[in-house]
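Asks:
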Ligand code: C5P
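Residue numbers (this note's numbering): 1114 to 1349.
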């Protein structure tokens, strides 16, 4: 059977497979910011993201966090479990940056006394607005039980990723993850995990190694992503 495109996002394409429980996720070379208003092609980015994401998914799985990742198919794609996405984006912040600094007039890089968990309503037309869990429950997007399970997972994911990145000289400033339910009801982390969805700063220089290089025209976007991958591959 030919794979059919199920959905096409700004930087990924999801395709059907012969197995209705599995999909192919293909990483494209597109880079976007500000909800797709700023766009460019970064040659080789899809391959780098595919490799980074695979290593991080496997790290989380090894540490007991279920994700949609099954295996790498080729240099652009993963085979993943099919999920029904929960229409929320979850952001975890360890240091103030990005949207938070603009909203609250706090200096970039301010350490937070505890990690902040945020949730946004996934809606491109509305620019994924910031909501709280009361909205998510009241609007029937999620339930109190599901959100409690997710918050527990966010804490675990943050602990695992913070330690991992520190071991390769990178500070995990913040990141965004999404979740979905597999057909058997299992809650799985899905979407992607990469320098496109995390703020990653070099511990020594505080230089950004993530999508902020594209957002703020800092240059060397692809090279910075490759540097993250290089450190991951060299990790003992
Ligand atoms: O823009 P903001 O400060 O809310 O972003 C927090 C983190 O979530 C950043 O690492 C950013 O790259 C990520 N994010 C994302 N996709 C979005 C919104 C934020 O990957 N739609």
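Heads up, the beta-carbon is just placed ideally off N, CA and C, and yes, glycines get one too.
Rounded to a whole number of angstroms, what is the C-alpha to C-alpha distance between residue 1218 and residue 1146?
Replies: 21 Å
Asks: For residue 1184 and residue 1328, I'd like the C-alpha separation in whole angstroms.
Replies: Each residue's Cα considered, the two are about 30 Å apart.
Asks: Return yes when the Cβ of residue 1324 is within less than 8 Å of the Cβ of residue 1304, no when it is not.
Replies: no
Asks: When the distance is taken between beta carbons, is residue 1341 closer than 8 Å to residue 1165?
Replies: Yes, these two residues count as a Cβ contact at 8 Å.
Asks: Between residue 1304 and chain C, is the shortest Cβ-Cβ distance under 8 Å, so that the two count as touching?
Replies: Protein chain content of the structure displayed is limited to a single chain, and chain C is not contained in it.
Asks: Determine, using beta carbons only, whether residue 1224 and residue 1301 come nearer to each other than 8 Å.
Replies: no
Asks: With DSSP as the reference, identify every bridge partner of residue 1143, one or two as the case may be.
Replies: 1154
Asks: For the beta strand (DSSP E) containing residue 1127, name the first residue and the last one.
Replies: If you look at residue 1127, you'll find it in the beta strand (DSSP E) that goes 1125 to 1129.
Asks: Report the CB separation of residue 1139 from residue 1125 in whole angstroms; it is logged as a contact under 8 Å.
Replies: 6 Å
Asks: Can you tell me whether residue 1223 is helix, strand or coil according to DSSP?
Replies: coil
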